[in-house]
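Everything below concerns the one structure shown next.
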Amino acid sequence: MTVAPQFQFRNGVLHAEDMPLTDLASQFGTPLYVYSRQALHDAWDAYRVASQGRDVLICYGMKANSNLAVLNEFKNLGSGFDIVSGGELARVLAIGGDASRVVFSGVGKQTWEMQAALKAGVKCFNVESEAELVRLAEVAQQMGVVAPVSLRVNPDVDAQTHPYISTGLKDNKFGIAIETALSVYQRAAALPSLNVVGVDCHIGSQITEVSPYLDALDKLIHLILTLDSHGITLKHLDLGGGIGIRYTNETLLSPSVLLSKVFQALDAHKLSHLQLVLEPGRSLVGNSGVLLTTVEYLKHSEAKNFAIVDAAMNDLLRPTLYGAWHDVEAVTPRNNTGTPPAYDIVGPICESGDWLARNRQLDLQQGDLLAIMSAGAYAFTMASQYNTRPRAAEVMVDGAQAQVVRPRESVQDLFITESVLK
Ligand SMILES: *Cc1c(COP(=O)(O)O)cnc(C)c1O
C-alpha cells in the first residue's frame, strides 16, 4: 500500500488509477507530474459529506495546484476558490469560474489586483492590515463600487507544524492581531465603500490535530459576539485551510471530525446561521499526484550512496525548503532478498540542498523509474527553471486514459523573450 489510494501496485507495477506509470514515462518522458482525477474527486467528497445539511462554501486554496484542469474539476464539483494574487484570479476566470465564490487572501494585494477582483465581483477580500483596508476603500470608491470585506485575524495559536507553514502566531506576518480587530472592524464599518461581511483566519498548513482549529475558533466566536454587541453583524466565518495529508505515517485530521466540532461550537453559541467558509488546498490535491523521475546515475562512496535522478529541487522544492519527507517508490520494484543499500535521492542542480529524499533503502539500477509520492500539492506550483531546466509536463489520468494538461517546456521557451543589449 502506498499513501495514496489511486496510486497502487498491480502485477508489480505502480499504477495511477488503471494506467501503468511505466507507460506514462515512456509516452511523455520524465520528470513528469501525474495526477489522478478520481483522487481529486474523492478528496472533494470528504468535504462534501462533512458539510451535508449545513451552509458551507469550500474555496479551494488553489496555490497548492493551479493547473486549469485541476481547477476545472473542482469548479464542476461546486467549489469556490481562495486566491492569493491577480494571476490566480485570471486562472479562475479562464475556466469560467464564478467570482462570487472567490475569496481573495494575501498580505500584499496591489492596486491592480484589487481593481481586477472588484471588477470580477469576488465574494470577499480577506484584509490583512489596516493599511490594506484603507487602500481597498480608496480603490473601491474610485471605481464607484462597494468592496465586501472580512478581516483576517491572527488568533495567536500554535498550529504545531513547520515554522515556515505556521501562520497564526503573533510574530507571523499574516493577519491582524485579534486584540486590535474590534477597532479595525469599527473603522471598516465606518467607510462607505466597504461592506463588512465576515471574519477569516488561516493558522497554518499540514495541521494534523483538531485542537489548534478549536482554539482559533473559540477566539473568533468571542470576536463575532463582541462585534455583534457593537452593531457589526457578520454573515460568514472563514476558518482557512490547513488540514494535513499523509506523507508517510501521519495520523490524520479528517474534514468530518473538524467540521462536526466546528458545528457543535457554532450551535452552542447560537451562531448556526453563519455561513462557514473553508479554504483547503493541500488536503484536496496533495495525495492526488506523484512526480515520476528516472535514475540517471548511481554513485557509491564510503560515506554515502547517491541516486542522481532527473527531477530536482526546481521540480519539488519542499524537501529543500522545509526538510519535508516524501515517500519514494520504485515503479517496478525488484524482489531481491537481502537488505538494499540506503540512497540519498538527489537532483542534478548545483546546490547541496538539491535533494528529494534521504536514506531510502531501495534496490536500484540506472534507468529505474521512481515515483515521488504526494506531489499533487506545492510541487508544480513551486517549480522554477533554475539551472535553465524546463519545467516538467503535467498529465491527468482518468481511468485508463491520460491527457497532457500542460506540456513540457522547451529549452527555447526559457529565453525566447530575452535580449542582448543593442
Ligand atoms: C495556502 C493557503 C491556504 C491553503 O492551505 P493548505 O494548507 O494547503 O490547505 C488557504 N488559505 C490561505 C489564506 C492560504 O494562504
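When we follow our numbering, the leftmost residue of the sequence shown carries the number -5, and every step to the right adds one. Every residue gets a Cβ at the ideal spot worked out from N, C-alpha and C, and that includes glycine.
What residues are listed by DSSP as bridge partners for residue i?
i: Y27; result: L285, E388
i: A301; result: L292, I339
i: Y54; result: F75
i: A37; result: Its beta-bridge partners do not exist; DSSP assigns none.
i: N189; result: P142
i: F98; result: I77, F119
i: I170; result: V147
i: E323; result: A365
i: S254; result: Its beta-bridge partners do not exist; DSSP assigns none.
i: F3; result: L8
i: D222; result: DSSP, once it has assigned bridges, lists no residue as partnering D222.
i: W106; result: W106 pairs with nothing; no bridge assigned.
i: M13; result: A10
i: I201; result: I237
i: D194; result: R146, D232
i: S160; result: G198
The beta strand (DSSP E) with residue i in it runs from where to where?
i: F119; result: 118 to 121
i: H230; result: 230 to 232
i: L8; result: 7 to 10
i: Q269; result: 269 to 272
Identify, in the order they occur along the chain, each residue of the same chain with its Cβ nearer than 8 Å to the Cβ of residue i, setting aside the five sequence neighbours on each side.
i: A88; result: L62
i: W349; result: M307, P313, T314, D338, I339, V340, G341
i: K164; result: N148, D150, A171
i: V133; result: T105, M108, Q109, L112, A141
i: Y158; result: L315, Y316
i: A19; result: L26, L286, T288, V325, L363
i: L422; result: The shown model of the chain, from -5 to 416, leaves out residue 422, and the question about it has no answer.
Please work out which residues of its chain come closer than 6 Å, Cβ to Cβ, to residue i, disregarding the five sequence neighbours upstream and downstream, and give them in chain order.
i: K213; result: P149, I172
i: R383; result: N308
i: M137; result: L112
i: S30; result: Q0, A10, E11, S282, V391
i: G347; result: T314
i: E67; result: L34
i: D429; result: Any question about residue 429 goes unanswered here, given that the chain covers just -5 to 416.
i: T287; result: T24, P25, V303, D304, A305, L364
i: S160; result: A153, G198
i: L71; result: W38
Would you mind giving the Cβ-Cβ distance between residue i and residue j, rounded to the nearest angstrom? I have them listed as a contact below 8 Å.
i: V271; j: L228; result: At roughly 11 Å, the Cβ-Cβ gap does not stay under 8 Å, so V271 and L228 are not in contact.
i: G361; j: Y27; result: About 20 Å; that fails the 8 Å criterion.
i: H267; j: G235; result: With a Cβ gap of about 23 Å, H267 and G235 do not count as contacting.
i: L51; j: G91; result: 13 Å between Cβ atoms; not a contact.
i: L252; j: I237; result: 7 Å
i: R240; j: V(-3); result: 5 Å
i: K432; j: V97; result: The requested residue 432 does not occur in the structure, where the chain is confined to residues -5 to 416.
i: A387; j: V405; result: Their Cβ separation, rounded to whole angstroms, is 14 Å, which puts A387 and V405 out of contact at 8 Å.
i: R95; j: G74; result: 3 Å
i: F22; j: V389; result: 6 Å
i: H263; j: L219; result: 7 Å
i: F257; j: R402; result: Actually they do not touch by this definition, with Cβ atoms about 45 Å apart.
i: A373; j: V325; result: Not quite, the Cβ-Cβ distance comes to about 17 Å (not below 8 Å), so this is no contact.
i: E124; j: V178; result: 6 Å
i: A183; j: I215; result: So it is not a contact: roughly 19 Å between Cβ atoms.
i: T242; j: D152; result: Not a contact, Cβ separation roughly 23 Å.
i: D304; j: P14; result: The pair is not a contact, with the Cβ atoms about 19 Å apart (cut-off 8 Å).
Note down, in chain order, each residue of its chain lying with its Cβ closer than 7 Å to the Cβ of residue i, except the 5 sequence neighbours on either side.
i: T155; result: G198, S199, Q200, I201
i: E107; result: S79, G80
i: K103; result: E126
i: A44; result: P249, S250, L253
i: Y291; result: I302, Q360
i: E345; result: M307
i: S60; result: E82, R85, T375
i: I32; result: For clarity, residue 32 is Gln in the given sequence; the question names Ile instead. Cβ within range, chain order: Q0, E11.
i: K255; result: V204, L208
i: T16; result: V7, V325, T326, L363
Give the range of the alpha helix (DSSP H) segment to which residue i is assigned.
i: A407; result: As written in the sequence, residue 407 is Asp, which differs from the Ala given in the question. From DSSP, the alpha helix (DSSP H) with D407 extends over 405 to 409.
i: R312; result: 312 to 316
i: E126; result: 124 to 137
i: R181; result: 175 to 184
i: R426; result: No information on residue 426 is available, as it lies outside the stretch -5 to 416 that the chain covers here.
Give a yes or no on whether the minimum CB-CB distance between residue i and chain B is below 8 Å.
i: G81; result: Although the question refers to chain B, the structure presented lacks it and comprises just one protein chain.
Would you list, in sequence order, the uninterrupted beta strand (DSSP E) runs of no fewer than 3 residues that lie entirely inside the segment 351 to 399?
-> 363 to 366, 387 to 392
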